[in-house]
Amino acid sequence: MSAASEFVFLGCQFAAKYPEGGGNFSVPLQWALALQRLNRKFIWMEVLISCSDPIEDQRRIRIFERRMRDAGLQKNYCLLFQEKANDENAWDAMSYYGMESKAFSRLFEAPHILLNLCYSIQPPLLNRFDKRVLCDLDPGEVPYWMKEVELGQSSHQEFWTIGLNINDSSCRLPKQHVSWRTFFPLVDTHLNRPVPRPPKPKFTTVGQWYWKNDMLMDGEWKDFSKKATFEKFLGLPNKVPQAHMELAMNMTKNDLAKERLESLGWKVVDPHRVAGTSHAYRKYLAGALAEFTAVKGIDTYLQTGWISDRGATFLAMGRPVITEDTGAASYLPADSGMFFVADLEGATEAVQRVMRDWDHFSKKARECAMEYFEATKTLKRILG
């Protein structure tokens, strides 16, 4: 039987639990839409672990079901709800939404493959699948922690990562015990199309300002949060006053960090308000001239070659991207619509160049997305 006839399970455990994150939901959405465009039979298999609040659990389930309908995927999902929070996915104790348990079980009768995003699906549920492919979307953490704990290295037959530089000698990750194949983050270039230049020269990004997981690297505890990595770029609004520098960062209303950012010329908006759904997220990105962002520091420190799925979406919309280099620059052409910068001076120059010649860089951004990030191309490689 050909690989193209295999039934595909798209395994995820991070979309339903964070209903306010439109960008978060958009990640597996790109995979699902690509499978649909390839005419592959598939199920988006979302695992939701209880947060110990029955009312909140039901709210999350309802929102996820609505998002599936809005995306036209109401016949292509099964949400598995697990009341007991632990490190295992006990499939025989789960509740099923979107599909009855018997119908779900029948899917295993045909040849099938699991695309396990970020090690979302874990034993014993994981062990039900014939072919198990780990698709790593966080090369700064998953491969790093594999040296310490079991993160699927014993349970998968193939290992793919968006850490483009993971096999290069310049990557500082510990020696890997699995054979990684690399891929560019997926973007659906049909859903995310170029739109006209916005009237305001806004540069923005969406993300989490804080990250609690300080990590011990080379004998030193390091803060790899956006709060830390943006520090060297905080003077950018004063360097390019003609640009509107904005951050859709998740922080409390009275956070002192927000007050400080605004005093330095940044506008700070609530990502849950401006990008709380995948539609709002795409609209917010399309309203910018380009993306400017600092990278979560672990990927620059380890030189994993990580590029964000958000950056891929900006590119597909014809929006250039200004970001830090994680070792990914060498995997793209020089004139790709992506600017890799290391300091305030470089960021200032990149913003000025984008404003001077936006039409050129917008065109190159879209071409780059079509050539390197187009979802159906990558899925064909992974599925074989």
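Using the numbering used here, read the sequence shown as starting at 66 and increasing by one per residue.
The C-beta atom is built at its ideal place from N, Cα and C for all residues, glycine as well.
Taking the Cα positions, L238 is about 9 Å away from E206. Residue pairing from DSSP places Y162 in a beta bridge opposite L144.
Assignment of beta strand (DSSP E) within the segment 307-333, counting only whole runs of 3 or more residues, yields 309-315 in chain order.
A Cβ-Cβ contact shorter than 7 Å links R102 with T441. For G272, the uninterrupted beta strand (DSSP E) segment begins and ends at V271 to Q273. The beta-carbon distance between M133 and F74, rounded to whole angstroms, is 15 Å. This is too long to meet the 8 Å contact definition. Judged by beta-carbon spacing, L251 lies beyond the 7 Å limit of G370, meaning their Cβ atoms are not closer than that value. Unbroken beta strand (DSSP E) runs of no fewer than 3 residues, entirely contained in the segment 221-252, are found at 223-226 and 245-247, following chain order. Boundaries for E356: no alpha helix (DSSP H) harbours it, while the beta strand (DSSP E) harbouring it runs A355 to F357, taken from the DSSP string. Closest by C-alpha distance to L312, out of L350, K429, V243 and R262, is L350.
Judged by their CB atoms, A430 and G411 are not nearer to each other than the 7 Å cut-off. P176 and I108 have their C-alpha atoms spaced approximately 14 Å apart. In the three-state reduction of the DSSP assignment, P189 falls in the strand class. In the same chain as N303, and ignoring 5 residues on each side of it, the C-beta atoms closer than 8 Å to its own belong to L329 and G330, in chain order. Annotation for A136: L94, A97, L98 and S343 place their beta carbon closer than 8 Å to its own, counting only its chain and skipping 5 residues before and after. The alpha-carbon of W210 is positioned some 8 Å away from that of L216. In this structure D390 does not touch K297 by the C-beta definition: roughly 14 Å separates them, more than the 8 Å allowed.
Contiguous alpha helix (DSSP H) elements confined to the segment 87-119 occur at 87-102, taking only those with 4 or more residues.
Nearest neighbour of F146 by Cα position, chosen from R131, A168 and C116, turns out to be C116. According to DSSP, residue pairing for V386 in a beta bridge involves E356 and M403.
Beta-bridge analysis with DSSP links L180 to L75 and V198. Counting along the chain, M282 sits inside no alpha helix (DSSP H); it lies in the beta strand (DSSP E) bounded by residues M280 to M282. Pairing T365 with T270 gives a Cβ-Cβ distance that is not under 7 Å. For K304, the uninterrupted alpha helix (DSSP H) segment begins and ends at L301 to K304. Judged by their CB atoms, G87 and R375 are not nearer to each other than the 7 Å cut-off. Taking the Cα positions, N181 is about 18 Å away from S170. Beta-bridge annotation (DSSP): E285 is paired with M282.
In the DSSP assignment, W210 falls within the alpha helix (DSSP H) that extends over V207 to W210. C-alpha of K291 to C-alpha of D335: approximately 15 Å in a straight line. Annotation: the continuous alpha helix (DSSP H) that includes P336 extends over P336 to V339.
Excluding its 5 nearest sequence neighbours in each direction, V198 has C-beta neighbours in its own chain below 6 Å: L180 and E223, listed in chain order.
According to DSSP, residue pairing for F169 in a beta bridge does not occur.
Counting only residues of its own chain and dropping the five nearest sequence neighbours on each side, D253 has a CB closer than 7 Å to the CB of Q95, L98, A99 and A440. In the DSSP assignment, T441 falls within the unbroken alpha helix (DSSP H) covering A440 to L448.
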